[in-house]
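For the sequence shown, my numbering begins at 178 and goes up steadily by one.
Glycine included, C-beta positions come from ideal geometry on N, C-alpha and C.
Being a predicted model, the structure only gives us computed values, none of them experimental.
Worksheet for the structure shown next.
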Amino acid sequence: MSQFPDIDQLNDAARAARDKCESALRETLPPGTRVEIQSGPEWLGPYEVGEYQRFSYGQVPLRNVETGAERRVGYQQVRLAT
Numbered sequence: 178m179s180q181f182p183d184i185d186q187l188n189d190a191a192r193a194a195r196d197k198c199e200s201a202l203r204e205t206l207p208p209g210t211r212v213e214i215q216s217g218p219e220w221l222g223p224y225e226v227g228e229y230q231r232f233s234y235g236q237v238p239l240r241n242v243e244t245g246a247e248r249r250v251g252y253q254q255v256r257l258a259t
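Shown next, in the form of C-alpha cells:
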C-alpha cells in the first residue's frame, strides 16, 4: 500500500477488472481459433490466434494462415472467421 489508500483501492479494482477481461478474451479466442481482422471497411484473413504473451492486455497475437506473417491487434479489430 502506498500513502494514497483511495488511489490504491481504485487501482486494485482496475487491475481486477483488467484481469477478468483478459481471462474472458483468452477463453473466447483460444490459440488456434480462426479469425479475420478489420482494416478500414474490409475484413482480412484468415488469421489464426497464436499463444498470448504474459502482458498483452487486449492484444490478440495472430498468424496469417496463407503467408505465415505474424502481428498483434486489439481485440476490437477481430471477428470469428466466416
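| said: Beta-carbon within less than 8 Å of residue 227's beta-carbon, same chain only, minus the 5 sequence neighbours each way: which residues are those? | reply: Here residue 227 is taken as the residue at index 50 of the sequence shown, counted from 1. The residues are 208, 238, 239, 240, 247.
| message | By the DSSP assignment, the alpha helix (DSSP H) with residue 182 in it spans what residues? | response | Residue numbering aside, residue 182 sits at position 5 when the sequence shown is read from its first letter. Per DSSP, residue 182 belongs to the alpha helix (DSSP H) from 182-205.
| Meets three-Cβ-pair contact criterion under 8 Å: the segment 209-227 and the segment 242-258 | With a cut-off of 8 Å on Cβ pairs, the segment 209-227 is in contact with the segment 242-258, counting three or more such pairs.
| field | Member of 178, 179, 253, 180 whose CA lies at the smallest distance from the CA of residue 217 | value | Along the sequence shown, read from residue 1 onward, the residue named residue 217 stands at position 40. With distances taken between Cα atoms, residue 217 lies closest to 253.
| In or out: residue 187 buried (at least 16 other Cβ within 10 Å) or exposed? | For the purposes of this step, residue 187 is identified with residue 10 of the sequence shown, where counting begins at 1. Flag for residue 187 reads exposed.
| task | For residue 215, name the three-state secondary structure that DSSP assigns. | result | Translated into positions along the sequence shown, residue 215 becomes position 38. DSSP places residue 215 in the strand class (E or B) of the three-state scheme.
| Would DSSP call residue 234 helix, strand or coil? | Residue 234 sits at position 57 when you count from the first residue of the sequence shown. When secondary structure is reduced to three states using DSSP, residue 234 falls in the coil class, being assigned neither helix nor strand.
| What's the gap between the Cα of residue 201 and the Cα of residue 194? | Taking the first residue of the sequence shown as 1, we reach residue 201 at position 24. Taking the first residue of the sequence shown as 1, we reach residue 194 at position 17. If you take the alpha carbons of residue 201 and residue 194, they lie about 11 Å apart.
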